[in-house]
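Participant:
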Amino acid sequence: VEVVQAAQGVGTQTLFGLGTDSDNWFRFAVQETAPTPTPTATPTSTPTATPAQSPAKSVKGTRTANGKTGADVTGQTLLFELNINGSKTSFGIPYDPAQHRFWRFRHDAPARIIVFETSPDAANWTERFRASLAADQRQLIAELSAGSFSPSPNPIEALFDNFLVSPSPRMQFTTSAASAREDGGTAQVQVIRTGSDESPVAVDFATSNGTAQAGSDYAAVSGTLVFGIGERIKTITVPLINDDLREGSETFNITLSNPVGGRLGSIPVNVVTILDDDAPSNPIDDSEFFVRQHYLDFLGREADEAGLRFWVNNIESCGADSQCREVKRIDTSAAFFLSIEFQETGYVVHRFYRASFGRQPTFDEFLPDLTVIREGVIVGEPGAQSRLETNKRLFAEQWVTRTAFKQKYDPLNEMQYVDTLTSNTGVTFSEEQRTALIVGLLTRRETRAGVLMKIVENADFIRREFNPAFVEMEYFGYLRRTSDASGFQFWLNKLNSFNGDFRRADMVKAFITSGEYRGRFGQP
Numbered sequence: 384v385e386v387v388q389a390a391q392g393v394g395t396q397t398l399f400g401l402g403t404d405s406d407n408w409f410r411f412a413v414q415e416t417a418p419t420p421t422p423t424a425t426p427t428s429t430p431t432a433t434p435a436q437s438p439a440k441s442v443k444g445t446r447t448a449n450g451k452t453g454a455d456v457t458g459q460t461l462l463f464e465l466n467i468n469g470s471k472t473s474f475g476i477p478y479d480p481a482q483h484r485f486w487r488f489r490h491d492a493p494a495r496i497i498v499f500e501t502s503p504d505a506a507n508w509t510e511r512f513r514a515s516l517a518a519d520q521r522q523l524i525a526e527l528s529a530g531s532f533s534p535s536p537n538p539i540e541a542l543f544d545n546f547l548v549s550p551s552p553r554m555q556f557t558t559s560a561a562s563a564r565e566d567g568g569t570a571q572v573q574v575i576r577t578g579s580d581e582s583p584v585a586v587d588f589a590t591s592n593g594t595a596q597a598g599s600d601y602a603a604v605s606g607t608l609v610f611g612i613g614e615r616i617k618t619i620t621v622p623l624i625n626d627d628l629r630e631g632s633e634t635f636n637i638t639l640s641n642p643v644g645g646r647l648g649s650i651p652v653n654v655v656t657i658l659d660d661d662a663p664s665n666p667i668d669d670s671e672f673f674v675r676q677h678y679l680d681f682l683g684r685e686a687d688e689a690g691l692r693f694w695v696n697n698i699e700s701c702g703a704d705s706q707c708r709e710v711k712r713i714d715t716s717a718a719f720f721l722s723i724e725f726q727e728t729g730y731v732v733h734r735f736y737r738a739s740f741g742r743q744p745t746f747d748e749f750l751p752d753l754t755v756i757r758e759g760v761i762v763g764e765p766g767a768q769s770r771l772e773t774n775k776r777l778f779a780e781q782w783v784t785r786t787a788f789k790q791k792y793d794p795l796n797e798m799q800y801v802d803t804l805t806s807n808t809g810v811t812f813s814e815e816q817r818t819a820l821i822v823g824l825l826t827r828r829e830t831r832a833g834v835l836m837k838i839v840e841n842a843d844f845i846r847r848e849f850n851p852a853f854v855e856m857e858y859f860g861y862l863r864r865t866s867d868a869s870g871f872q873f874w875l876n877k878l879n880s881f882n883g884d885f886r887r888a889d890m891v892k893a894f895i896t897s898g899e900y901r902g903r904f905g906q907p
């Protein structure tokens, strides 16, 4: 930031108020030189003033009767003053109207200094004085108030720019604790950005268990809050699960981490208390609760109203026919795995792990990746397909920068890279497909992220992994955990034996009626 003021003689000054506090300001001024020099005030630790190392050179001019030359002819002083938190620092030099025609200050934010300079032509500048600001200096905003030697109590905003003397932006919760009723549906907490809001900043967030358990008392969420220019507040919403267990109030945590463009503030953790409402029966038997829980467990989002009503009506159309209701609940449940939305989000995540590392993801790996790849996507809504394709592309680009991926694949050449990935899929790529991928990398028409994405979306690979992913999601969706090896293999063998028919395999039915699933919400 630079401010240039053409000097016009005695009384000329430019004063800048720092914020709206009239005790904080700095200025340039031309004053009559006092007969006896006034000692410079001894500053406190904030700010520290340092005159320029090279004193201003004498300026040749017409001698007067007392023998003085140049600036001394005027008998005037060009004064620089800085007053912050009651500590005033000043420095003056003999004023020469020609050599000191232009004045300016420069703010060096990383070095935390303000530098005062002069110039005869606004092109060649000489440093005269600098002041250092303490590391813990609170935010100060420079505003212009010209024409008075006294700081204005309410200086108007400068037209040139805002001048910030502040630590980097900080992101934190507004409070360290929050509460919400169990039957309220959601808990909300707010994150604020303090300090400068002139550039974007971001911070990650994630829930973790306290006495409350993810999947039984609340739906785990994680993600990244991005504050745009001028944005100072964001809201995190956590879905609550209204179970029937009379367990008293329980808590979970929301933690901020990995700030970008700023720092964490003094409240990086919020402890949320779920106030128990003692529901009298297992709510999973209620159709609306059952359907909403599937949106949370399989799609990682709240239900849209149209979808919620459709699937609830699908079950309720049976009336009191218990056999019909059982079948409809099974089909409704399976429909969430079979949906286009899940196939294009959660199932894609599964295939990224299989193609890259030759294994399935764990539940703790899967959940945050699902959050990223499905961000903002509701199939059927305007722009959903475009948003989904963008999400998948960005996910692939970020995936290949992960430490585990780089450690495995950075040492490989392009041919080895393609062969390792395709081998992990368990399907045979034609020589034509293999060659096209390798040549694409060698000619730079393809990136490693792009090649990985093409392998992940190979039709044969999608068909091969369908049943393993279906079984995997029984554990992830209903039980909210990684499968045990024996249980996974049992259900995969059974599903394969019925050629993927989940009804004849009784797979979905077994999971939605299991004590482990029903125990998430109340008495099994």
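Numbering of the sequence shown is given in our numbering, commencing with residue 384 and proceeding in unit increments.
Glycine included, every Cβ here is placed at the ideal spot set by N, Cα and C.
By how many angstroms is the C-alpha of residue 866 removed from the C-alpha of residue 904?
Facilitator: Taking the straight line joining both Cα atoms gives about 20 Å.
Participant: I think residue 489 touches residue 503, with their Cβ atoms under 8 Å apart; what is that distance to the nearest whole Å?
Facilitator: Actually they are not in contact, since the Cβ atoms of residue 489 and residue 503 sit about 18 Å apart, beyond 8 Å.
Participant: Quick one: what's got a C-beta closer than 7 Å to residue 615's C-beta in the same chain, skipping five residues either side?
Facilitator: The residues are 575, 576, 580.
Participant: Could you tell me the alpha carbon to alpha carbon distance between residue 584 and residue 608, rounded to whole angstroms?
Facilitator: Straight-line Cα distance between these residues: approximately 8 Å.
Participant: I'd like to know if the stretch 553 to 561 and the stretch 651 to 660 are in contact, where contact means that at least 3 CB-CB pairs between them fall below 8 Å.
Facilitator: Yes, they touch.
Participant: From residue 827 to residue 843, what distance separates their C-alpha atoms?
Facilitator: Going by the C-alpha atoms only, they are around 26 Å apart.
Participant: Taking residue 804 as part of the alpha helix (DSSP H), name the residues at either end of that continuous run.
Facilitator: From DSSP, the alpha helix (DSSP H) with residue 804 extends over 797 to 808.
Participant: Can you tell me the Cα-Cα spacing of residue 891 and residue 776, whole angstroms?
Facilitator: Near 32 Å, if we compare the C-alpha coordinates of residue 776 and residue 891.
Participant: Who are the Cβ neighbours of residue 695 in its own chain at under 6 Å, not counting the five residues just before and after it?
Facilitator: Contacts found: 670, 671, 674.
Participant: If we require 4 or more residues per run, which alpha helix (DSSP H) segments fall completely within the stretch 654 to 723?
Facilitator: Complete alpha helix (DSSP H) runs here, min 4: 670 to 677, 688 to 699, 705 to 721.
Participant: Using a 10 Å radius around the Cβ and a threshold of 16 neighbouring Cβ atoms, would you call residue 834 buried or exposed?
Facilitator: Buried, because 16 or more other Cβ atoms sit within 10 Å of the Cβ of residue 834.
Participant: Starting from the C-beta of residue 748, find all residues in its chain whose C-beta is less than 8 Å away, skip the five residues before and the five after it, and write them out in chain order.
Facilitator: Closer than 8 Å at the Cβ level, and outside the excluded window around residue 748, lie 736.
Participant: State yes or no: is the C-beta of residue 757 within less than 8 Å of the C-beta of residue 660?
Facilitator: It is not a contact, given that the beta carbons lie outside the stated cut-off.
Participant: Could you compute how far the alpha carbon of residue 702 sits from the alpha carbon of residue 771?
Facilitator: Near 37 Å, if we compare the C-alpha coordinates of residue 771 and residue 702.
Participant: How would you write the range of the alpha helix (DSSP H) that residue 573 sits in, first residue to last?
Facilitator: Where residue 573 is concerned, there is no enclosing alpha helix (DSSP H), although the beta strand (DSSP E) it sits in stretches over 569 to 577.
Participant: Compute the Euclidean distance between the alpha carbons of residue 739 and residue 824, then round it to the nearest angstrom.
Facilitator: Between residue 739 and residue 824, the C-alpha separation is close to 17 Å.
Participant: Residue 686 and residue 678: beta carbons closer than 8 Å?
Facilitator: For residue 686 and residue 678, yes; Cβs fall inside 8 Å.
Participant: For residue 848, does the count of other Cβ atoms within 10 angstroms reach 16, so buried, or fall short, so exposed?
Facilitator: Buried is the call here.
Participant: According to DSSP, residue 836 sits in a beta bridge with which residue or residues?
Facilitator: Bridge partners of residue 836: none, in fact.
Participant: Ordered along the chain, which non-local residues of its own chain (more than five positions away) have a Cβ less than 6 Å from that of residue 793?
Facilitator: Correct list: empty, nothing qualifies.
Participant: Taking the alpha helix (DSSP H) that residue 870 belongs to, which residues open and close that run?
Facilitator: Run containing residue 870: 868 to 880, per the alpha helix (DSSP H) assignment.
Participant: Taking only heavy atoms of the ligand ADP into account, decide whether any of them is closer than 7 Å to the Cβ of residue 856.
Facilitator: This structure lacks the ligand ADP; in fact it carries no ligand of any kind.
Participant: Less than 8 Å between the CB atoms is what I'm expecting for residue 598 and residue 863, so what's the real figure, rounded?
Facilitator: With a Cβ gap of about 3 Å, residue 598 and residue 863 count as contacting.
Participant: Using 8 Å for Cβ pairs, my map puts residue 637 next to residue 732. What's the rounded Cβ distance?
Facilitator: No, residue 637 and residue 732 are not in contact; Cβ-Cβ is about 23 Å, not under 8 Å.
Participant: Ends of the beta strand (DSSP E) at residue 586?
Facilitator: Where residue 586 is concerned, the enclosing beta strand (DSSP E) stretches over 584 to 592.
Participant: Which two residues bound the contiguous alpha helix (DSSP H) that contains residue 823?
Facilitator: Counting along the chain, the alpha helix (DSSP H) containing residue 823 begins and ends at 814 to 825.
Participant: Output the distance between the C-alpha atoms of residue 647 and residue 640, rounded to the nearest integer angstrom.
Facilitator: The alpha-carbon atoms of residue 647 and residue 640 are separated by roughly 7 Å.
Participant: Would a C-beta distance cut-off of 8 Å place residue 511 and residue 497 closer than the cut-off?
Facilitator: Taking 8 Å as the Cβ cut-off, residue 511 and residue 497 do not qualify as a contacting pair.
Participant: Measure the beta-carbon distance from residue 729 to residue 691 and round it to whole angstroms, keeping in mind my assumption that it falls under 8 Å.
Facilitator: So it is not a contact: roughly 19 Å between Cβ atoms.
Participant: Identify whether residue 424 lies in helix, strand or coil by the three-state DSSP scheme.
Facilitator: Low confidence applies here, because residue 424 scores a pLDDT of 38, under 50, leaving its location unreliable and the question unanswered by this model.
Participant: For residue 875 and residue 850, which I take to be in contact (beta-carbon distance under 8 Å), what is that distance rounded to the nearest angstrom?
Facilitator: Right, the Cβ-Cβ distance comes to about 6 Å (below 8 Å), so this counts as a contact.
Participant: When the Cα of residue 831 is compared with those of 763, 801, 845, 853, which residue comes out closest?
Facilitator: Cα-wise, what sits closest to residue 831 is 801.
Participant: Determine the extent of the beta strand (DSSP E) in which residue 510 is found, giving its start and end residues.
Facilitator: That run of the beta strand (DSSP E) goes 509 to 515.
Participant: Using three-state DSSP, classify residue 563 as helix, strand or coil.
Facilitator: Residue state, collapsed to three classes: strand.
Participant: When you compare only the Cα positions, how much space is there between residue 589 and residue 873?
Facilitator: Taking the straight line from one Cα to the other gives about 33 Å.
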